[in-house]
Structures are given as structure tokens and as C-alpha cells.
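One structure is given below, encoded as C-alpha cells.
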Amino acid sequence: MMTMSPSQVLETVERLGEAVRTELTTLEEVLSERVELVAATRGARRQAEAAAQHLQGLAFWQGVSLSPVQVAEDVTFVEEYRWLAYVLLLLLVLLVCLFTLLGLAKQSKWLVVVMTAMSLLVLVLSWGSMGLEAATAVGLSDFCSNPDTYVLNLTQEETGISSDILNYYFLCNQAVSNPFQQRLTLSQRALASIHSQLQGLEREASPQFPAAQKPLLSLEETLNVTERSFHQLVALLHCRSLHKDYGSALRGLCEDALEGLLFLMLFSLLSAGALATTLCSLPRAWALFPPRSARERG
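Start counting the sequence shown at -15; every next residue gets the next number (this note's numbering).
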């Protein structure tokens, strides 16, 4: 919604401004002999300017540095490298275990020494990973206990958007009124008034001023396009779409992500336990290796 509404508002305002600057100005010049028709044209101009002003006030996101699209891209970027790091850690654990078994099977002391050092390094990484996952899980569980308040406060602090607008989008229930309703109603009334005035001008001016036919038709077309854009804008500004995405994001974060963290903690715990067992058993296995001279005679 946030990526579509700015262009929608700007196009609508620009279209109305172009109509005021060109067609209505031309129409005033053509109808200059009839004072009442010029007054009706100027009334349509005032209504168009008022509608453009009301629509411009709907662009509450202008000047806001925080972009939901940018936040989503940053999260995706971090997630890609996070999963890559866990896959590499898993491969490293598997390689250490395989080469440790190979060293024990071949009774190669140098390979056992290298794998002991590698096991110690991977053990530290596994414990560190488990600590990071535990801290993240605790923080995420605290966040999920009351996410709406935290998100509202943080968004308001970062963007400066009023709490009425944020409550409307994040809560989206009957208890929260639409903060855009007044501007939308005034804009709709202004567009309806322009439409009525243009129909009156077409009836009165077209028979006497053939030159007024072209700007009137252009204004009618512009008004029809503007009304279609206005209805699309009303649908885009409704809280339903954004609230649905917000709810899906919360469910993914507080259910799927938390469950995934628990499985990662289990994996890190099992890896650390396996590596610790390996480190404890390697000295005893080393003691059972036959001396080098005995292996050479054998």
C-alpha cells in the first residue's frame, strides 16, 4: 500500500492542477462574454483547487525516511547470510566428525591433533551460536507478549507519523476511526460539485460558444479519470490490506521464527555435546594408539 499510494495521490493532484491551469483558464477566456458562466467556471476552479489540496493532505508518508520496503529488503539480506552461516557451521561440524573418525581409523596422530584443535574451535562457535539464539529467543518472546505497543511506539519515534494514523493501520477495528475520512469526504464532494458545474456549463455554453466544447470535453475526461483514481485511492488507504500484512508478519515472527530458533538451539546443543564428547574421548583414544616403532614393525 505504501508504495502505491504516493504515486496515486501525486498523479491525481497533478491531473487536477493541469486542468486548472489549462482547460479552465481557456474556458474562462471563451466564456468571458457571459458573467454567470464565468462565475460557474471560477467556482469549478475553486472546487478543483480545494480537492487537490485535500488530496495532497493524504500523503502523510512524504518526508518519512523509514520505508517498509527497505526494511523488508534489509531483513531478507540478513536472513540470507544468517542461514548461510548456519549451513557452513553444520558442514564444518560434519567435516570435523568425519576427519576425526578417519584419524581414529587410520591411527594418524597428526590428523587427530588437527581435528582436536578444530573440534575445540567449532565447540566455541557452537556454544556462541547457542547463546546468540537463546538471547534472540528471549528477546523475541518478550516482544511477542505485546507487539502492538512496541511497534506503534517505535514507528512513531522513527517516522513522526501521528498516533491516530498508526492506530488506524495497526489495530484496524471499529473502535478506531479512519483519520482520512474527512479529507476523503470533502474531496468527493468537491469532485461531485465540479461534475455538476461542468454539466451545467455544457448545457448552457455549448449551444452559444462552440469553442467551449473542446475544453469541456477535456475537463469531463480529466474528471472521470480523477474520480476513478480517487476510488482506487480510497481502497488503497483502507487499513485492511496493511493490517493483514502486519498480522501475517507478526505470526511469522512470533510462531514460525520462534519455533525455528528453538530447533536451531537444539541443533547447537547437540553439536556442542557431540564435539565435547569427541574432545573428551580423543585423549583416551590417543593413549590406545600403538607406538610408532610397533606400527613400523607391524
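Note that beta-carbon positions come from the ideal geometry of N, C-alpha and C, so glycine has one too.
In this text the structure is predicted, and so the values were computed from the model without any measurement.
For the beta strand (DSSP E) assignment, the region 99 to 154 encloses no uninterrupted run of at least 3 residues.
Listed in chain order, the non-local C-beta contacts of residue 248 below 6 angstroms within the same chain comprise 117, local neighbours out to five positions each way being set aside. The residue from 110, 119, 151 with its alpha-carbon nearest to that of residue 134 is 151.
In terms of Cβ geometry, residue 104 and residue 234 do not form a close pair [threshold 9 angstroms]. Residue 197: member of the alpha helix (DSSP H) spanning 197 to 221, first to last residue.
About 11 angstroms separates the CB atoms of residue 183 and residue 24; that is not less than 8 angstroms, and the two are not in contact.
The DSSP-derived three-state label of residue 18 is coil. Taken atom to atom, the span from the alpha-carbon of residue 156 to that of residue 137 is near 17 angstroms. Here residue 68 is not near residue 33, since their CB atoms are 9 angstroms or more apart.
The C-beta distance from residue 99 to residue 256 rounds to 16 angstroms, too long to fall under 8 angstroms, and the pair is not in contact.
Residue 153 sits buried, since 16 or more C-beta atoms from the chains shown fall within 10 Å of its C-beta. DSSP places residue 188 in the uninterrupted alpha helix (DSSP H) bounded by 165 to 189. Exclusion of the five residues before and after residue 174 leaves 31, 34, 35 as the residues of its chain whose Cβ lies within less than 6 angstroms of its Cβ.
Setting aside the 5 residues that flank it on each side, residue 253 is surrounded in the same chain by 114, each with a C-beta closer than 7 angstroms to its C-beta; the list follows chain order.
Contact between the region 158 to 177 and the region 187 to 205 is absent: fewer than 3 CB-CB pairs across the two stretches fall below 8 angstroms.
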